[in-house]
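I have placed the structure first, in the form of structure tokens, so that the comments after it can refer back to it.
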Amino acid sequence: MQVKKVRRALLMASGANRGAYYAGFPGLLQEAGIEFELMAGVSAGGIAAAWFAAGDPEAMVDSWRQADPWRIAPHPWLSFGRLRTVDRLIQEITLKTMDVCAARTGDAEVVVAAARVVGPGLPLPKLEPAYFGNRAAADDGAFGLMLRATAFVPYINGFRNAVSIDGERYLDGGLVHRVPLDLIPEGRFDELWIAACSPNGLRELREELARVRRKERLVVITPSSPLPVGRWTMEWSRISQAIELGRWDITTAIEQTQSGDGPVFVGHGEFTLPARK
Numbered sequence: 004m005q006v007k008k009v010r011r012a013l014l015m016a017s018g019a020n021r022g023a024y025y026a027g028f029p030g031l032l033q034e035a036g037i038e039f040e041l042m043a044g045v046s047a048g049g050i051a052a053a054w055f056a057a058g059d060p061e062a063m064v065d066s067w068r069q070a071d072p073w074r075i076a077p078h079p080w081l082s083f084g085r086l087r088t089v090d091r092l093i094q095e096i097t098l099k100t101m102d103v104c105a106a107r108t109g110d111a112e113v114v115v116a117a118a119r120v121v122g123p124g125l126p127l128p129k130l131e132p133a134y135f136g137n138r139a140a141a142d143d144g145a146f147g148l149m150l151r152a153t154a155f156v157p158y159i160n161g162f163r164n165a166v167s168i169d170g171e172r173y174l175d176g177g178l179v180h181r182v183p184l185d186l187i188p189e190g191r192f193d194e195l196w197i198a199a200c201s202p203n204g205l206r207e208l209r210e211e212l213a214r215v216r217r218k219e220r221l222v223v224i225t226p227s228s229p230l231p232v233g234r235w236t237m238e239w240s241r242i243s244q245a246i247e248l249g250r251w252d253i254t255t256a257i258e259q260t261q262s263g264d265g266p267v268f269v270g271h272g273e274f275t276l277p278a279r280k
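Residue 183 in my numbering is what sits at position 180 of the sequence shown, and the numbering runs on without skipping anything.
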């Protein structure tokens with residue numbers, strides 16, 4: 004008897020450097036034979052989605068290790084010595100360590116969320132959600148711009164700066180929506196795995212799941228204990244602890260997913276799902 008293939012999608016929320024938590028996931032997912040047809044994310048979650056598609060968990064972890072000598076510059080004008088803006092680190096470490104071509108052309112679809120600048124405003128310009136996919140990227144350089152756009156935090160990279168793509172300006176997708184469930188089309192998948200690593204992402208995820216009833220089986224992964232990193236933590240000693248917590252929690256998620264067929268919730272977050280109609 005032929006076993007039906009489970010169609011899965013993965014969505015990872017924003018979280019800045021708390022996104023190191025996601026680096027604990029892919030190696031164990033590969034070992035368990037769990038594959039995703041679509042991997043999506045916002046900001047740090049979008050960068051992680053591309054890393055997952057690139058298929059090299061060790062390189063993903065190593066990119067965080069390479070960042071250890073650097074610290075986050077609060078403004079591009081202060082990006083000297085050991086200080087670097089987030090965008091500069093993405094260009095100098097992430098995009099040089101990642102196999103961008105594999106992420107762009109592999110079997111998995113990758114979609115990242117950014118915020119399109121549509122008008123003036125204070126303290127930030129007017130923004131609207133924008134989604135980019137690896138299938139639409141003409142080349143590796145274009146896909147790299149999409150990844151920079153999803154994580155372009157304005158107050159770190161400069162309020163007047165943005166990533167320009169086809170004449171449009173883009174900022175960090177988390178400024179519009181940290182956990183956009185509409186990144187994952189309904190009716191296409193059997194399981195929807197969702198991960199959130201920041202307090203704001205966890206709050207938004209609770210609100211989204213209480214408001215929207217998804218038809219897929221849900222597998223929700225959040226930190227089971229407080230992350231040892233903050234938004235801009237760079238020290239490898241603490242980043243590595245966040246990665247280990249990610250490994251612990253994804254192991255729990257895999258075990259619970261394989262032991263039953265109901266929704267799975269890993270971590271200390273409490274979730275309420277709307278009743279089925």
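Even glycine gets a Cβ: it sits at the ideal position worked out from N, Cα and C.
This one's a predicted model, so the numbers in the text were calculated from it and none came from an experiment.
- Message: Taking a contact to mean a Cβ-Cβ separation below 8 Å, would you say residue 211 touches residue 182 in this structure?
- Response: As a position in the sequence shown, residue 211 is number 208, starting the count at 1. As a position in the sequence shown, residue 182 is number 179, starting the count at 1. Cβ distance < 8 Å, so residue 211 and residue 182 count as in contact.
- Item | Strand pairing of residue 235, partner residues [DSSP] | Looking up residue 235 in the sequence shown gives position 232. BP columns for residue 235 are empty, so no partner.
- Message: Just to confirm my understanding: we take residue 205, look at its own chain, exclude 5 residues before and 5 after, and list those with CB closer than 6 Å. What are they?
- Response: In the sequence shown, residue 205 corresponds to position 202, counting from 1. Excluding positions up to five away in sequence, the list reads 199, 225 and 272.
- Message: If you reduce the DSSP assignment to three classes, tell me which class residue 230 lands in.
- Response: The residue you call residue 230 lines up with position 227 of the sequence shown. Note: residue 230 maps to coil in three-state DSSP.
- Task: Mind checking which residues open and close the alpha helix (DSSP H) that includes residue 103?
- Result: Here residue 103 is taken as the residue at index 100 of the sequence shown, counted from 1. Taken as a continuous stretch (DSSP letters only), the alpha helix (DSSP H) holding residue 103 covers 103 to 108.
- Can you tell me which of the three DSSP states residue 73 falls into? Taking the sequence shown and counting its residues from 1, one reaches residue 73 at position 70. Note: residue 73 maps to coil in three-state DSSP.
- Check whether the Cβ atoms of residue 215 and residue 267 sit closer than 8 Å, and answer yes or no. For this step, residue 215 is matched to residue 212 along the sequence shown. For this step, residue 267 is matched to residue 264 along the sequence shown. No, they are not a contact pair.
- Message: Determine whether the beta carbon atoms of residue 120 and residue 126 lie at a separation below 8 Å.
- Response: Position 117 of the sequence shown, counting from 1, holds the residue named residue 120. Position 123 of the sequence shown, counting from 1, holds the residue named residue 126. No, Cβ-Cβ distance for residue 120 and residue 126 is not below 8 Å.
- Query: What are the partner residues of residue 196, as DSSP defines its beta bridges?
  - Reply: Looking up residue 196 in the sequence shown gives position 193. Paired residue(s): 13 and 222.
- Task: Alpha carbon to alpha carbon, how far is residue 79 from residue 108? Give it in angstroms, no decimals.
- Result: The residue labelled residue 108 in the question sits at position 105 within the sequence shown. The residue labelled residue 79 in the question sits at position 76 within the sequence shown. Going from the Cα of residue 108 to the Cα of residue 79 covers about 32 Å.
- Leaving out five residues on either side along the sequence, give the residues of the same chain with a beta carbon under 7 Å from the beta carbon of residue 91. Position 88 of the sequence shown, counted from the first residue, corresponds to residue 91. Result list for residue 91: 82, in chain order.
- Which residue or residues does DSSP assign as beta-bridge partners of residue 95? Position 92 of the sequence shown holds residue 95. DSSP lists no partner for residue 95.
- Query: In chain order, which continuous runs of the beta strand (DSSP E) of length 3 or greater are located wholly inside the segment 123 to 159?
  - Reply: 129 to 136
- Task: For residue 171, name the three-state secondary structure that DSSP assigns.
- Result: Within the sequence shown, the letter at position 168 stands for residue 171. Looking at residue 171 - three-state DSSP - the assignment turns out to be strand.
- Please classify residue 169: is it buried, with 16 or more other beta-carbons within 10 angstroms of its beta-carbon, or exposed? The residue you call residue 169 lines up with position 166 of the sequence shown. The residue in question, residue 169, is exposed, as its Cβ has fewer than 16 Cβ neighbours within 10 Å.
- What is the DSSP secondary structure of residue 190, counted as helix, strand or coil? Here residue 190 refers to the residue found at position 187 when the sequence shown is read from its first residue. Of the three classes helix, strand and coil, the one that applies to residue 190 here is coil, per DSSP.
- Task: Name, in chain order, the residues that DSSP records as bridge partners for residue 41.
- Result: Here residue 41 is taken as the residue at index 38 of the sequence shown, counted from 1. DSSP, once it has assigned bridges, lists 12 and 112 as partnering residue 41.
- Given that a residue counts as buried once 16 or more other Cβ atoms are within 10 Å of its Cβ, and exposed if not, what is residue 18? Taking the first residue of the sequence shown as position 1, residue 18 is located at position 15. So residue 18 ends up on the buried side.
- Output the distance between the C-alpha atoms of residue 194 and residue 219, rounded to the nearest integer angstrom. As a working mapping, residue 194 is identified with position 191 in the sequence shown. As a working mapping, residue 219 is identified with position 216 in the sequence shown. Going from the Cα of residue 194 to the Cα of residue 219 covers about 5 Å.
- If you follow the beta strand (DSSP E) that residue 268 is part of, which residue opens it and which one closes it? Position 265 of the sequence shown, counted from the start, is the residue given in the question as residue 268. It spans 267 to 269 - the beta strand (DSSP E) in which residue 268 sits, taken as one unbroken run.
- Query: Rounded to a whole number of angstroms, what is the C-alpha to C-alpha distance between residue 47 and residue 153?
  - Reply: What you label residue 47 is simply residue 44 of the sequence shown in a count that begins at 1. What you label residue 153 is simply residue 150 of the sequence shown in a count that begins at 1. Rounded to the nearest angstrom, the two C-alpha atoms are 8 Å apart.
- Could you spell out where the alpha helix (DSSP H) holding residue 203 opens and where it closes? Residue mapping note: residue 203 aligns to position 200 of the sequence shown, counting from 1. Per DSSP, residue 203 belongs to the alpha helix (DSSP H) from 202 to 214.
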